[in-house]
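Student: Read in order, the letters of the sequence shown correspond to residues 116 to 422 in this note's numbering.
Note that CB positions come from ideal geometry on N, CA and C, so glycine has one too.
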Amino acid sequence: MTIFIHIVVDVILPLFLLIGAGAYLHRLFHFDMNTLSKITTYFLLPAVGFVNVYESDITSDVLLNILFFLVLQNGTLIMLSAMMARWLKLDRSLGATFQNTIVLNNSGNFGIPVSQLIFRQEPLGLSIQIVVTIFQNFLTNTYGLFQFISASKHKGKMTREFLKNPIIYALILGVMFRFAHIPIPSFIWQPLERVADAFLAIALLTLGAQLAYMNMKRLPRLMFITIGSRLILSPLIAFLIVSLLHIKGTTAQALLIASAYPCSRNTALYALEYNHHPEYAAQAVFLSTLLSPLTVSGVIGLARVCF
Numbered sequence: 116m117t118i119f120i121h122i123v124v125d126v127i128l129p130l131f132l133l134i135g136a137g138a139y140l141h142r143l144f145h146f147d148m149n150t151l152s153k154i155t156t157y158f159l160l161p162a163v164g165f166v167n168v169y170e171s172d173i174t175s176d177v178l179l180n181i182l183f184f185l186v187l188q189n190g191t192l193i194m195l196s197a198m199m200a201r202w203l204k205l206d207r208s209l210g211a212t213f214q215n216t217i218v219l220n221n222s223g224n225f226g227i228p229v230s231q232l233i234f235r236q237e238p239l240g241l242s243i244q245i246v247v248t249i250f251q252n253f254l255t256n257t258y259g260l261f262q263f264i265s266a267s268k269h270k271g272k273m274t275r276e277f278l279k280n281p282i283i284y285a286l287i288l289g290v291m292f293r294f295a296h297i298p299i300p301s302f303i304w305q306p307l308e309r310v311a312d313a314f315l316a317i318a319l320l321t322l323g324a325q326l327a328y329m330n331m332k333r334l335p336r337l338m339f340i341t342i343g344s345r346l347i348l349s350p351l352i353a354f355l356i357v358s359l360l361h362i363k364g365t366t367a368q369a370l371l372i373a374s375a376y377p378c379s380r381n382t383a384l385y386a387l388e389y390n391h392h393p394e395y396a397a398q399a400v401f402l403s404t405l406l407s408p409l410t411v412s413g414v415i416g417l418a419r420v421c422f
């Protein structure tokens, strides 16, 4: 119960205050959603991607085991979500959004605060979450971005559209600068940090604006499959893989908990940018985040009992 209260007060409430502010301000001033989308995708997101990769310590002794687990777990989710989209006979546009809401999770502004609460006495747990966040950044801006671009009408421009997105280059540069230990001058680093700090607020305000005129009383049945897959199926798959790989202790706990986080807000941002059912994506992020204190608390309890 203590963990549940902490998640609600320290993670969920701050998120929903910003989402609520975005919804209210959009109703009041009628934001230009295309402008918000462009600022987030082409300015804020590359900065936060570069800063997160450059600042993170990814030289852990258990890095290979973590990456192996993440490839297996996310690969399984990608395969299952693709099979579900085909079985449900979803069109390419809705299928891309459906798959991304299942595969991609909010491991950054949701996962890291939760890990800080849970692993206060275990620094390894937070380090693992940071590695998971970096992996999710790469997955979101490679697989997730490719899904949306490939579902666009102009498939002939798919490669050009993919290479045009600056987040790809930001992540590559972040890795290069990190491993080469290249120092960044303060007159460049300080603006980068300021832009990265602004990302969370603007991203959540944009999500709130997407939800401002949404009818939450009429949810498609497909939404229940999305929410169930993200909050229940994903940690179940993670539990099976952790058990099969015989991962123990804090590493097992951190990986299992990291698999249970709600849909990534970046899915809603990219769905808006490429116009692939942005309302569905925003609903998935909102509802999965709303329900996540219950499911994440349950997964935390399971992780502590089993590992």
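1. Taking the alpha-carbon of N215 as reference, which of I415, F184, S301 and I342 has the nearest alpha-carbon?
2. Would you mind giving the Cβ-Cβ distance between S208 and H392, rounded to the nearest angstrom? I have them listed as a contact below 8 Å.
3. In chain order, what residues of the same chain have a beta carbon less than 7 Å from the beta carbon of V414, not counting five sequence neighbours either side?
4. Which residues in the same chain have their Cβ closer than 8 Å to the Cβ of G259, if we skip the five residues on either side of it in sequence?
5. Is there contact here, the segment 143-162 with the segment 281-295, by at least three beta-carbon pairs under 8 Å?
6. Curious, which full-length alpha helix (DSSP H) runs of at least 4 residues does the segment 247-325 contain?
7. N149 by DSSP, collapsed to three states: which one?
8. Is N215 helix, strand or coil when you go by DSSP?
9. Could you give the first and the last residue of the continuous alpha helix (DSSP H) run that contains V420?
10. Can you find the residues in the same chain that come closer than 8 Å, C-beta to C-beta, to G364, ignoring five residues on each side of it along the sequence?
11. I'd like the span of the alpha helix (DSSP H) that includes R333, first residue to last.
12. Would you say L192 and L337 are within 9 Å of each other, going by their C-beta atoms?
13. Would a C-beta distance cut-off of 9 Å place G323 and L133 closer than the cut-off?
14. Skipping 5 residues on each side, what residues in its chain have a beta carbon closer than 6 Å to that of V247?
15. Leaving out five residues on either side along the sequence, give the residues of the same chain with a beta carbon under 8 Å from the beta carbon of S357.
16. Applying the criterion that 16 or more other CB atoms from any shown protein chain within 10 Å of the CB defines a buried residue, is A327 buried or exposed?
17. Would DSSP call N390 helix, strand or coil?
18. Within 10 angstroms of its Cβ, does N149 collect 16 or more other Cβ (buried), or is it exposed?
19. How long is the line joining the alpha carbons of I245 and L179, rounded to whole angstroms?
20. Using the C-alpha atoms, what's the distance from Q398 back to G135?
21. Where does I220 fall in DSSP's three states?
22. Distance, Cα to Cα, L288 vs F165?
Tutor: This is what the structure gives:
1. I342
2. 6 Å
3. P350, L371, I372 and A375
4. N215, V218, L219, S379, N381, T382 and Y385
5. yes
6. 260-265, 273-279 and 281-295
7. helix
8. helix
9. P393 to C421
10. F422
11. Note, R333: premise wrong, no alpha helix (DSSP H); not H, not E.
12. no
13. yes
14. S222 and A373
15. Note on identity: in this sequence residue 357 is Val, with Ser being the wrong assignment. Excluding positions up to five away in sequence, the list reads F184, A367, L370, L371 and F422.
16. buried
17. coil
18. exposed
19. 14 Å
20. 14 Å
21. The question names Ile, but residue 220 in the sequence shown is Asn. In the structure shown, N220 sits in a strand (DSSP, three-state: E or B).
22. 7 Å
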